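Everything on this sheet refers to the single structure shown next.
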Amino acid sequence: MTQSAYAAGDVAILRPNGGVVKLRNRQWTQIPAGFSCEVLDLQECTGAIELPPGLQVYELLLQGTQIETLPDDLQVEMAIHLTNCRELHSLPAGLTTGTLMLAGCSSLTSLPEGLDVWFLDMSGCWGFQHWPEQAHIRAGNLNLRGCTAIGSLPAYLGPLASLNVRDCSLLTEIPDGLKITGWIDIAQSGLAGLKQKPASLANVEARWQGVRIDDRIWTHPDSITLQEILGEENAEARRVLIDRFGQSRFMAEANAEILDEDQDAGGVRKLLRVPLPEDEPLVTLSCRCPSTGRDYFLRVPPTMQSCRHAAAWMAGYDNPDDYDPEIET
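Just so we're aligned: the sequence shown equals residues 1 to 329 in this note's numbering.
As structure tokens, this is what we get:
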């Protein structure tokens with residue numbers, strides 16, 4: 001049986017002669033060992049997926065599938081797309097490809113030894129903790145946004161075009177000599193607490209949630225003033241200044257208007273509002289976590305009119321009447 005005859009029976013050939021092969025929305029059908037094509041698209045497959053040994057493709061699309069691992073001898077030249085494969089728990093040693101998309105693979109805790117990639121997206125991989133001892137991750141973009149369990153970066157990284165460590169709260173340092181030719185986004189990461197910009201990043205553009213910031217905003221946020229914030233004409237830059245200044249401090253010094261006040265399990269909570277020039281007003285819900293005792297200022301849409309409405313919105317309810325928790329923790 002030729003590959004094209006097999007494919008014609010079980011998959012849809014979008015381009016003949018081993019070009020683009022796509023399985024339609026159906027239960028997984030086994031592909032034979034040694035199968036090859038240009039692009040293999042399995043995004044619409046339901047149920048468990050197990051790829052065959054000897055698979056050779058230029059691009060492999062597996063986004064959102066239930067695949068758990070990849071074959072040891074898999075060969076993918078350009079890109080492997082595994083975004084939101086929440087059952088994926090391991091990758092084969094020596095995996096080599098141009099682009100590896102792992103965003104949202106929350107069950108993945110480590111990368112394989114000998115990994116060799118140019119572009120790597122691990123955003124939202126909050127379970128990831130362990131780097132391989134040896135790997136090549138260089139030349140492209142490395143996105144680690146939301147990898148909240150990592151506390152360090154390996155020395156072999158780079159050079160990189162860009163590095164996104166947004167929300168990596170445990171990451172407080174970078175390897176000496178790490179080279180980045182483009183930018184680094186440090187928003188809400190442990191690097192945001194540095195008092196001096198690393199020497200290796202002296203000429204690297206720093207960003208906060210995509211907005212360019214200077215060294216002062218990074219390393220000396222205590223120098224930001226209320227007048228500076230209110231005088232900033234660019235709305236995105238102003239939001240960065242508020243983040244670095246601290247929302248609770250800003251609401252206090254700006255004499256925020258109290259829109260509503262009530263009580264929940266943590267005590268008194270308040271809906272606060274501060275008008276901003278050339279921008280929507282800043283509205284936050286001031287509340288205390290009953291479990292930890294910590295105070296929070298949580299930004300909510302300016303359309304919120306009550307604490308209950310704001311709490312319901314944060315819980316995913318558009319209608320506050322539908323929000324009726326037995327207990328709030």
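From the three backbone atoms N, C-alpha and C, an ideal C-beta is built for every residue, glycine too. These numbers were taken from a predicted model, which means no experiment stands behind them.
Exercise. Skipping 5 residues on each side, what residues in its chain have a beta carbon closer than 6 Å to that of Ser77?
Worked result: Strictly speaking, residue 77 in this sequence is Glu, with Ser absent from that position. Cβ neighbours of Glu77 beyond the five flanking positions: Tyr58.
Problem set entry | Residue from Asn164, Pro302, Ala192 whose Cα sits closest to the Cα of Arg273 | When only C-alpha atoms are compared, the closest one is Pro302.
For this session: Might you give, ordered along the chain, the residues of its own chain that have their beta carbon closer than 7 Å to the beta carbon of Asp73, omitting 5 neighbours on each side?
Result: Counting only Cβ-Cβ distances below 7 Å, and skipping sequence neighbours, we find Pro53, Gly54.
Problem set entry | Residue interval of the alpha helix (DSSP H) (run including Cys341) | Here the chain covers residues 1 to 329 and nothing more, so residue 341 does not appear.
For this session: Apply the 10 Å Cβ neighbour rule to Asn164 and answer buried if 16 or more other Cβ atoms are within range, or exposed otherwise.
Result: Asn164 sits buried, since 16 or more C-beta atoms from the chains shown fall within 10 Å of its C-beta.
Exercise. How far does the alpha helix (DSSP H) with Thr333 in it reach, from first residue to last?
Worked result: Since the first and last residues shown for the chain are 1 and 329, residue 333 lies out of range.
For this session: Quick one: give me the first and last residue of the alpha helix (DSSP H) that Ser248 is part of.
Result: DSSP places Ser248 in the uninterrupted alpha helix (DSSP H) bounded by 247-253.
Exercise. Which first and last residues belong to the beta strand (DSSP E) in which Gln56 is found?
Worked result: Run containing Gln56: 56-61, per the beta strand (DSSP E) assignment.
For this session: Please name the residue or residues paired with Asp121 in a DSSP beta bridge.
Result: DSSP, once it has assigned bridges, lists Met101, Asn143 as partnering Asp121.
For this session: Give the straight-line distance between the Cα atoms of Asp185 and Gln209, rounded to the nearest whole angstrom.
Result: Between the C-alpha atoms of Asp185 and Gln209 there is a straight-line separation of about 7 Å.
Exercise. Going by beta carbon distance, what residues of the same chain come within less than 7 Å of Gly190, once the five residues before and after it are set aside?
Worked result: Its chain contains Cys168, Ser169, Leu170, Leu171, Thr172 as the residues whose beta carbon lies nearer than 7 Å to that of Gly190, once the 5 sequence neighbours on both sides are disregarded; these appear in chain order.
Problem set entry | Rounded straight-line distance, which links the Cα of Gln247 to that of Ala256 | Rounded to the nearest angstrom, the gap between the Cα atoms of Ala256 and Gln247 is 11 Å.
Exercise. Does the beta-carbon of Ile405 have 16 or more other beta-carbons within 10 angstroms, so that it is buried, or is it exposed?
Worked result: Because the chain is modelled from 1 through 329, residue 405 falls outside the range shown and cannot be assessed.
Exercise. In this structure, what does DSSP give as the bridge partners for Ser36?
Worked result: Answer is Gln56, bridged to Ser36.
Exercise. If you drop the 5 nearest sequence neighbours on each side, which residues of the same chain put their C-beta closer than 7 Å to that of Met251?
Worked result: Counting only Cβ-Cβ distances below 7 Å, and skipping sequence neighbours, we find Leu272, Val274, Thr284, Phe297.
Problem set entry | Beta-carbon gap between Pro290 and Glu233 smaller than 9 Å | Contact flag unset, no.
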